[in-house]
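2 protein chains.
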Amino acid sequence: MATLTVPQSVPSAAEDCEQLRKAFAGWGTNEALIISILAHRNAAQRKLIQETYNQSYGEDLLKALEKELSSDFERAVLLWTLVPAERDAFLANEATKMLTASNWVIMEIGCTRSSHDLFLVRQAYHARYKRSLEEDVAYHTSGDFRKLLVPLVSAFRYEGPEVNMILARTEAKILHQKISEKAYSDEELIRIVTTRSKPQLNATLNHYNNEFGNAINKDLKANPEDEFLKLLRAAIKCLTCPEKYFEKVLRLAINKMGTDEWALTRVVTTRAEVDMQRIKEGYHRRNSVPLDRAISGDTSGDYEKMLLALIGHGNA
Amino acid sequence: MATLTVPQSVPSAAEDCEQLRKAFAGWGTNEALIISILAHRNAAQRKLIQETYNQSYGEDLLKALEKELSSDFERAVLLWTLVPAERDAFLANEATKMLTASNWVIMEIGCTRSSHDLFLVRQAYHARYKRSLEEDVAYHTSGDFRKLLVPLVSAFRYEGPEVNMILARTEAKILHQKISEKAYSDEELIRIVTTRSKPQLNATLNHYNNEFGNAINKDLKANPEDEFLKLLRAAIKCLTCPEKYFEKVLRLAINKMGTDEWALTRVVTTRAEVDMQRIKEGYHRRNSVPLDRAISGDTSGDYEKMLLALIGHGNA
């Protein structure tokens, strides 16, 4: 359930481009106009706007936006405007760079996109960076993190609903045994988490819970500060219950001393067209504050307006 | 360079189906007619024939062929008739089954198909087996073999010509160091072999040869009988010089006491539309016997005729 709202009658891409051009023209930029257009177009429409802009004005729309905008607002508009596969390729590439390295972003992309969408990210990555996604992830990670992240971004999981209950039982036992031995990066554990279909993994984890009395993520909390265990728990959450994971990322980003704008922008721009409605509901439930109010309290100006537009603030 | 020959004027799929139907009809089967049609149609044409056959007679062509044919000839016709992605999915699946397990076939598919073709195999695998290719490979392998094979079949290597010579130098050193330490399944070595683009890997191996005085596969022969080293050498050969690899598979299949028909059929059916011309040239050079004469000496009947048709016997 997306929170993106698109007007009932959408102007043509040419009209949108003309308006954007106006917003850029002269002294100062009309940020409100930019938001009123881009924050209310879906991925296909934004793609068409980019193509049309390029044809009409011989200039890349993203470059024009970069020139006109700045700071958090700029990042939110640029990330949002990119089509999903290119946005993910961009985020993943950033996450493999030294100063912006993030195992979390890589894990998120590997675990929460559909198999087909993840493949589109890998294609976009080739086109833009002349290397493969898994190549850069493998190069910029090591040890246990590499063992987990490379198969996560290389996976092409089966997506049918079929579940093998006998297998779920066997693999729940394997998981339990490895965790009891504190062999958290054991190759069997990694294999199960990184290759099984999401419904199959879910069945395995349900069986784990029923048979051994704890949810697996509770048993993976033996050492709550261990960075690898944190990532592994997050991966399991992303694979089985992504809305809950994203709710928590938002919660931590907003409650932090000094908001974590990167996380906030990332979650809002990547989920607004996917499951932001559910994330908002979960956020409200968990924090007793609606997400839009929390965002308003922590951000300001055009950046605030952009985020609120994307999460459907003011809609029925 | 393919060896497949397609007549200048190809009958319609409906006409081909009618002829095939005739070949199956009555007492006995007209094998020559089957060969004259199927062994001279490309993948797209064979696919259309399958679809047309199904529509016209409400029967699966492959099932009909299975009923009519037997033994090595049957396997050759069936494998050949399948479109490449489905054929590879079938071979890979077979290679993960207990009685037909083969790390070699899995490696071959992971290393010698283009990135896009390998992705098509993974899609075909989902459709046919309701699981993912990497899932089955991971489940049915273990230890060093799993460490090598899972990333090989999950890879989506970049295919552009760009080569980074500084990286080639650095990674040649890493490879040399790991091999000197006999750390043949070291994660850095596996990373380089399984994620780099083929041109990049080639540059690295050239540098290795120049700098350290031996081709890498020579240094990987420390223990010639070690099964993992054999597979690793073969993978490197497949990634850098697939025709040479396939020539050797054919050589060993034919020279064996009792021909290895499975290998022979696999190589001929999977390469006839790709690079069989080069494989044939290499075979002749290396064995001082043309491949068609070698095959004739080792096989007979319809099976022989089918293979010879596929490798372009009797063509200019």
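Chains as they are written, first to last, in this note's numbering: chain A, 24 to 339; chain B, 24 to 339. Glycine residues also receive a C-beta, built at the ideal position from the N, C-alpha and C atoms.
Please check if any C-beta of chain B sits within less than 8 Å of the C-beta of residue i.
i         : result
PRO174(A) : yes
GLU38(A)  : no
THR227(A) : no
THR218(A) : yes
ARG214(A) : yes
ARG192(A) : no
ARG169(A) : yes
Can you check whether the C-beta of residue i is within less than 8 Å of a C-beta belonging to chain A?
i         : result
ALA66(B)  : no
SER177(B) : yes
TYR207(B) : no
ARG308(B) : no
TYR181(B) : yes
GLU185(B) : yes
GLU210(B) : yes
ASN237(B) : no
Is the separation between the beta-carbon of residue i and that of residue j shorter than 8 Å?
i         : j         : result
ALA66(A)  : PRO107(A) : yes
PHE113(A) : LEU105(A) : yes
SER165(B) : ALA178(A) : no
ILE60(A)  : LYS328(A) : no
ALA48(B)  : LEU71(B)  : no
ARG274(B) : ARG309(B) : yes
ILE277(B) : LEU287(B) : yes
PRO20(B)  : ILE213(B) : Outside the shown range of chain B (24 to 339) lies residue 20(B), about which nothing can therefore be said.
GLU89(B)  : LEU102(B) : no
MET130(B) : ALA295(B) : no
CYS261(A) : CYS134(A) : yes
HIS199(A) : PHE235(A) : yes
LEU92(A)  : THR123(A) : no
Label residue i either buried or exposed according to how many other C-beta atoms from any shown protein chain fall within 10 Å of its C-beta, with 16 as the threshold for buried.
i         : result
HIS230(B) : buried
HIS139(B) : exposed
GLN73(A)  : buried
MET280(B) : exposed
TRP50(B)  : exposed
ASP83(B)  : exposed
ARG180(B) : buried
LEU43(A)  : buried
GLN223(A) : buried
ARG289(B) : buried
ARG169(B) : buried
GLU270(A) : buried
VAL291(B) : buried
ASN126(A) : buried
GLY305(B) : buried
VAL312(A) : exposed
DSSP three-state call for residue i: helix, strand or coil?
i         : result
GLN223(B) : helix
ARG154(B) : coil
TRP103(A) : helix
GLY236(B) : coil
GLN31(B)  : coil
SER138(B) : helix
HIS63(A)  : coil
PHE269(B) : helix
GLU182(B) : coil
ALA124(A) : coil
THR293(A) : helix
HIS336(A) : coil
GLY281(B) : coil
GLU82(B)  : coil
GLU248(A) : coil
TYR148(A) : helix
LYS205(B) : coil
CYS40(B)  : helix
Taking 7 Å as the cut-off, does the CB of residue i come closer than this to any heavy atom belonging to the ligand PLP?
i         : result
ASP140(A) : For the structure depicted, the ligand PLP is absent and the ligand set is empty, with no information on it obtainable.
Exercise. Please confirm if the region 136-155 of chain B is in contact with the region 102-121 of chain B, defined as three or more CB-CB distances below 8 Å between the two stretches.
Key: Taking one beta carbon from each stretch, the region 136-155 of chain B and the region 102-121 of chain B have 3 or more pairs nearer than 8 Å; the two touch.
Quiz prompt | Positions along the region 130-161 of chain B whose CB lies within less than 7 Å of some CB in chain C | solution = In the structure shown, chain C cannot be found, because the protein chains are A and B.
Quiz item: Taking one C-beta from the region 220-229 of chain B and one from the region 188-205 of chain B each time, how about it: are there three or more such pairs within less than 8 Å?
Solution: They touch, by the three-pair rule.
Practice problem: Examine the Cβ distances between the region 25-32 of chain A and the region 321-339 of chain A and report whether three or more of them are shorter than 8 Å. | Solution: Segment contact: the region 25-32 of chain A against the region 321-339 of chain A, three or more CB-CB distances shorter than 8 Å; contact assigned.
Quiz prompt | At least 3 beta-carbon pairs within less than 8 Å: the region 209-223 of chain A vs the region 155-174 of chain B | solution = Yes, since at least three Cβ pairs between the region 209-223 of chain A and the region 155-174 of chain B fall closer than 8 Å, the two stretches touch.
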